[in-house]
Amino acid sequence: MTAARPTTGILVRLKQETRPEHEAIETALGLIQSTLTHAAYRRTLERFYGFYRPLEVKLQATLGLTGHRFDLTERLKTPFLDADLHALGVEFPNLLPVCASLPVLTHEVNCFGCLYVLEGSTLGGQLISRHVRQAIGVTPETGGRFFHGYGDRTAQMWQHFRAAVTAFVVSPADQDAAVAAAKDTFQKLHRSTAAQGDSP
Ligand code: HEM
């Protein structure tokens, strides 16, 4: 008997099933509002740093342990956040609080679900990058490297990532695990970055 094949591709499922989480975080972050301030932008980057720094260590550990061929090295974004925070006057970003409630990443498929969120954010990042430059005058060189991301290579990097997910996450059980990890990542990133009660 052949194993059951999913009727919907993993990329369609990831996009559709995390749409509410994407909309929620996009609204909560307020990064493309005309009222964005320099201080609010810096606070947001500090929180992203507190989430990405331990998360990327965890991702590398799981993918490294399983010997997976997907290479994260050129996709790591903690160095961009570190450079941005320095440019914005944070002398020791490595002393900032780190998030203790990270997504569960025990298997490779969890990692791919989580990476879907981190890699997909580079698409919206292009829009955010332009807005941050216009609204508060921050360029990739002066604190906007993280959202600038892969710049001109964004579409190409996204296509490569999509191909890797499609090749690796196939069975219905793996798809379910990847979608659950993507939702978990969105929700925990949201809680960690869009703190309530901020003044502008
Ligand atoms: C102000 C905040 C944001 C805006 C305006 C925004 C906007 C967008 C836009 C316009 C796209 C589609 C780009 C395209 O198809 O060419 C996109 C895709 C995506 N964004 Fe965001 N985004 C924001 C924040 C985030 C954040 C914080 C995350 C997660 C860390 C995220 C994750 C994703 C993902 C996973 C996709 C890919 C969807 C898919 O095609 O499967 N976004 N975003």
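Each residue of the sequence shown is one higher than the one before, counting from -12 in this note's numbering.
Virtual Cβ for every residue (Gly too), placed ideally from N, Cα, C.
Computed from a prediction, not measured in an experiment: that's the story for all the values here.
Distances taken from the Cβ of Lys2 to the heavy atoms of the ligand HEM include one shorter than 7 Å. The closest heavy atom of the ligand HEM lies 7 Å or more from the beta carbon of Ser88.
Less than 8 Å separates the beta-carbon of Pro80 from that of Tyr36. Sequence-distant partners of Thr5 (beyond 5 residues in either direction) whose C-beta falls short of 7 Å from its own C-beta, in its chain, are Ala169, Lys170 and Phe173.
Asp69 and Pro84 have their C-alpha atoms spaced approximately 13 Å apart. Put simply, the backbone Cα of Thr49 is about 24 Å away from that of Tyr137. Nearest in C-alpha terms to Leu92, of all of Gly111, Val166, Ile(-3) and Thr180, is Val166. When secondary structure is reduced to three states using DSSP, Arg120 falls in the helix class.
Take the alpha-carbon of Leu52 and the one of Leu1: they are about 25 Å apart. When DSSP states are grouped into helix, strand and coil, Lys170 belongs to the helix group. The nearest non-hydrogen atom of the ligand HEM is less than 7 Å from the C-beta of Ser108. Between Leu114 and Ile19, the beta carbon gap of about 7 Å places them in contact (Cβ cut-off 8 Å). Selection Val96, Gln121 and Cys86 evaluated against Tyr39 yields Cys86 as nearest (Cα-Cα).
Of the heavy atoms belonging to the ligand HEM, at least one sits nearer than 7 Å to the Cβ of Glu13.
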